[in-house]
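Chains as they are written, first to last, in the numbering used here: chain A, 1 to 151; chain B, 152 to 438.
Glycine is no exception: its CB is placed at the ideal position from the N, C-alpha and C atoms.
Notes follow once the structure below has been shown.
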Amino acid sequence: MRQTIKRLTLLITLAISLAAVAEPTPEDAAKYRQSIMKALSGHNGAISMMVRGKAGDPDNLGNHVQALVNLKGEIESLFEQSSDLEDDRALPAIWENPEAFADAIENFQAAVEALSEVANGGEMQAIDAAHRELGKACKGCHEDFRLKKQD
Amino acid sequence: MRSPGLLVVTAAVFVVAFASAEETAVSRGEYLVFAGGCIDCHTEAGKQAVQLAGGRPLETSFGTFYSPNITPDPTTGIGQWTDENFLRAFWEGVNPDGDHYYPSFPYTSYTGVSRKDLLAMKAYLFSLDPVVKQAPEHELALFISTRLAAGAWKLRSFEPGRFVPSENRSTAWNRGAYLVRHLGHCGECHTPRDSFGAIENDRELAGNSDMPDGDSTPNISPHRLDGIGKWAVDDIEYFLDIGMLPDGDSTGSVMSAVVDNSTSKLTKEDRLAIATYLKSVPAQRGE
Numbered sequence: 001m002r003q004t005i006k007r008l009t010l011l012i013t014l015a016i017s018l019a020a021v022a023e024p025t026p027e028d029a030a031k032y033r034q035s036i037m038k039a040l041s042g043h044n045g046a047i048s049m050m051v052r053g054k055a056g057d058p059d060n061l062g063n064h065v066q067a068l069v070n071l072k073g074e075i076e077s078l079f080e081q082s083s084d085l086e087d088d089r090a091l092p093a094i095w096e097n098p099e100a101f102a103d104a105i106e107n108f109q110a111a112v113e114a115l116s117e118v119a120n121g122g123e124m125q126a127i128d129a130a131h132r133e134l135g136k137a138c139k140g141c142h143e144d145f146r147l148k149k150q151d
Numbered sequence: 152m153r154s155p156g157l158l159v160v161t162a163a164v165f166v167v168a169f170a171s172a173e174e175t176a177v178s179r180g181e182y183l184v185f186a187g188g189c190i191d192c193h194t195e196a197g198k199q200a201v202q203l204a205g206g207r208p209l210e211t212s213f214g215t216f217y218s219p220n221i222t223p224d225p226t227t228g229i230g231q232w233t234d235e236n237f238l239r240a241f242w243e244g245v246n247p248d249g250d251h252y253y254p255s256f257p258y259t260s261y262t263g264v265s266r267k268d269l270l271a272m273k274a275y276l277f278s279l280d281p282v283v284k285q286a287p288e289h290e291l292a293l294f295i296s297t298r299l300a301a302g303a304w305k306l307r308s309f310e311p312g313r314f315v316p317s318e319n320r321s322t323a324w325n326r327g328a329y330l331v332r333h334l335g336h337c338g339e340c341h342t343p344r345d346s347f348g349a350i351e352n353d354r355e356l357a358g359n360s361d362m363p364d365g366d367s368t369p370n371i372s373p374h375r376l377d378g379i380g381k382w383a384v385d386d387i388e389y390f391l392d393i394g395m396l397p398d399g400d401s402t403g404s405v406m407s408a409v410v411d412n413s414t415s416k417l418t419k420e421d422r423l424a425i426a427t428y429l430k431s432v433p434a435q436r437g438e
C-alpha cells in the first residue's frame, strides 16, 4: 500500500513538472504576458495616486515599488514565444528587432532600479521624478512594440 | 542742438528693444512649434536626423507622402518664404506658387491658428540653422498624383477660418479649444472621417476606427464607458505630461511621440486648458 502511494505521488509530481515545462499555447502565453503587464500597471497606478497625493497611504509606497522590482526580471521570458497577433498586441517588431527590444527592457529595468533607490529615502519629489522616468520607459516600449489600442 | 551722444543712446536702446522683441517671438515660436506637433512629421526617424529638416515618410492609403524641409535653407527649405507665403500655407493650404497642399499637412486644423502665432513660428523656424536636404517626391496613387486632386478635395472637405473665442466660455476653455481643435490638431487622429476623408465635426473626438494605416484611435470624448469620461481633469493633465493612464497603463504607438514632442513640453496651465476643453465636448458613443 505504502509503496503504491509513493509511486503515485512520484507520478503526480512528474506530471506536474512536465506540465510546467511544456510550451504554453500562444493564447496562454499571451494571457500570461498580459497578466504580468496588468500587474505592472496596477502597482504603477497605485504609485501614481500616492505621488500625486490623491489617495493611498505613502507608507505603502515601498510595497508597490518592491512588487515592480520583483516583476522586472520576468519581462524577457514573456516574449520568448512569438505571437500571432490574433488577440494580442505584441508587434512582430519584437522578434524582428531583438536588439532594440532588449534596449527597451534594459531601460525599463534600470528605471525600476532607480525608483527603488529613491523610494527608501521617502523624498516625494525624487520619487515623483523617478516614477516619471519609469513611465517613459513603459511608454517607450509601447511606442515601438505594442499595437495601438483597438476600440 | 541735438547731442550726438543722445542719438547713439537712442539707437542702442532701439536695437536692444528690437532684439528682445525678436527673441520673444523666437522663443514663443519654439513653444508653439512644440504645441503644433510639427517635429513629429517634419523629422526623419533616427537619432542623427536633424529636427525639422523633413524627409519623413508618412504612409497613407493614398500612398506615401514625404514631409518637406522647413528649415530656412533657400533652395531645399523655406528660406525664401515671405510672411504671406507662410500664412497662406496654413490658412488656405496653398503653396507659394498657388498650388494646393494635400491634407497630409493638417492645415485643415491649422487654418484656425492666429496670425501672431504663425508669424512667431516662422520667426523660430527662420532662427534655425539652414539644412540642405531635398525631400523625396511623394509616391501617390495615380488619381491623386496632381495637386489639382488636392484642390478638388478641398472644395468639398475644407473650411478655412480663424478660431473665434466664445464669449460665454472661460479663458481656459477657449485656450483649450484653440489647442485641441487647431494648433494641437487632436481631431486629425481622434475624430472619425467620412468616406471622402473629411473630419466629421459632429462626432468630435469619438475615435477613428478607420485610420489610413488600417489602425484605430481611441475615443477621447467624455463618454463614461466608451471615452475618457471617468478621467478627472488632473488625470488628463497628468496623461498629457507623462503618458500614463489613470489605471497605470502607459500609452503607446504614435501617441507616445505626441506626448514626448508636444504635450509634455507645454505649461501645466495649457495642459489643464486642454483637459478642460476635452471634458466639455459632447460625450460620443463608440462605433
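Are the C-beta of Val432/B and some C-beta of chain A separated by less than 8 Å? By 1-based counting over the second sequence, the position of residue 432/B is 281. With 8 Å as the cut-off, Val432/B does not count as an interface residue toward chain A.
Neighbour-count burial assignment, Thr175/B, 16 or more Cβ in a 10 Å radius: Translated into the one-based positions of the second sequence, residue 175/B becomes position 24. It is exposed - the Cβ of Thr175/B has fewer than 16 other Cβ atoms within 10 Å.
Could you tell me the distance, in whole angstroms, from the CA atom of Arg436/B to the CA atom of Asp366/B? As a first step, residue 436/B must be located in the second sequence, where it is residue number 285. As a first step, residue 366/B must be located in the second sequence, where it is residue number 215. Cα to Cα, the separation comes out at about 19 Å.
Within 10 angstroms of the Cβ of Asp57/A, are there 16 or more other Cβ atoms? Answer buried if so, exposed if not. Numbered from 1 along the first sequence, position 57 holds the residue referred to as residue 57/A. It counts as exposed.
Chain B contacts from the segment 51-62 of chain A (Cβ-Cβ distance under 9 Å): Arg52 and Lys54
Pick helix, strand or coil for Thr259/B, following the three-state DSSP scheme. For this step, residue 259/B is matched to residue 108 along the second sequence. Thr259/B falls in the helix class under three-state DSSP.
Assign Leu299/B to buried or exposed, taking buried as 16 or more other Cβ atoms, counted over all protein chains shown, within 10 Å of its Cβ. Residue mapping note: residue 299/B aligns to position 148 of the second sequence, counting from 1. Leu299/B should be labelled exposed.
Close Cβ partners of Arg375/B (< 6 Å) along its chain, the five nearest in sequence each way excluded: As a working note, residue 375/B is residue 224 in the second sequence. Taken in chain order, the residues that qualify are Lys381.
Classify Phe145/A: buried if its beta carbon has 16 or more other beta carbons within 10 angstroms, exposed otherwise. Position 145 of the first sequence, counted from the start, is the residue given in the question as residue 145/A. With 16 or more Cβ atoms within 10 Å of its Cβ, Phe145/A is classed as buried.
Measuring alpha carbon to alpha carbon, tell me which of Lys430/B, Pro369/B and Leu279/B ends up nearest Val201/B. To locate residue 201/B, count along the second sequence from 1; it is residue 50. Here the closest residue by C-alpha is Leu279/B.
Continuous alpha helix (DSSP H) stretch holding Tyr127/B: start and end: The question about residue 127/B has no answer here: the residues shown for chain B are numbered 152 through 438.
When you compare the CB positions of Thr262/B and Trp242/B, do they come within less than 8 Å of one another, or not? Residue 262/B sits at position 111 when you count from the first residue of the second sequence. Residue 242/B sits at position 91 when you count from the first residue of the second sequence. Result yes, Cβ atoms of Thr262/B and Trp242/B sit closer than 8 Å.
Integer-rounded CB distance, given that Glu355/B should sit under 8 Å from Gly327/B: For this step, residue 327/B is matched to residue 176 along the second sequence. For this step, residue 355/B is matched to residue 204 along the second sequence. Not a contact, Cβ separation roughly 13 Å.
Any beta carbon of chain A sitting closer than 8 Å to that of Ser404/B? Position 253 of the second sequence, counted from the start, is the residue given in the question as residue 404/B. At least one chain A Cβ lies under 8 Å of Ser404/B.
Does the structure place the segment 239-255 of chain B close enough to the segment 284-301 of chain B that three or more beta carbon pairs sit under 8 Å? yes
Contact criterion: CB-CB distance below 8 Å. Does Ala274/B meet it with respect to chain A? Translated into positions along the second sequence, residue 274/B becomes position 123. No - not a single Cβ of chain A is within 8 Å of the one on Ala274/B.
Strictly by DSSP, which residues pair up with Pro208/B? As a first step, residue 208/B must be located in the second sequence, where it is residue number 57. Paired residues: Tyr217/B.
Starting from the C-beta of Tyr389/B, find all residues in its chain whose C-beta is less than 7 Å away, skip the five residues before and the five after it, and write them out in chain order. Working through the second sequence from its first residue, we reach residue 389/B at position 238. Excluding positions up to five away in sequence, the list reads Met395.
Length of the line joining the Cα atoms of Asp377/B and Gln34/A: What you label residue 377/B is simply residue 226 of the second sequence in a count that begins at 1. What you label residue 34/A is simply residue 34 of the first sequence in a count that begins at 1. Distance between the alpha carbons of Asp377/B and Gln34/A is about 21 Å.
Per-residue DSSP class, three states only, for Met395/B: Sequence index remark: in the second sequence, residue 395/B carries index 244 (1-based). In the structure shown, Met395/B sits in a strand (DSSP, three-state: E or B).
Helix, strand or coil for Asn246/B, going by three-state DSSP, please let me know. Mapped onto the second sequence, residue 246/B falls at position 95. Coil at Asn246/B, not helix or strand.
Beta-carbon proximity check, Gly244/B vs Lys305/B, cutoff 8 Å: Taking the second sequence and counting its residues from 1, one reaches residue 244/B at position 93. Taking the second sequence and counting its residues from 1, one reaches residue 305/B at position 154. Yes, they are a contact pair.
What is the DSSP secondary structure of Leu429/B, reduced to helix, strand or coil? The residue labelled residue 429/B in the question sits at position 278 within the second sequence. Helix, per DSSP.
What is the rounded straight-line gap between the Cα of Val282/B and the Cα of Thr222/B? Walking along the second sequence from the start, residue 282/B turns up at place 131. Walking along the second sequence from the start, residue 222/B turns up at place 71. Going by the C-alpha atoms only, they are around 6 Å apart.
In the DSSP output, what is His193/B paired with across the bridge? By one-based count along the second sequence, residue 193/B stands at place 42. None, per the DSSP bridge assignment.
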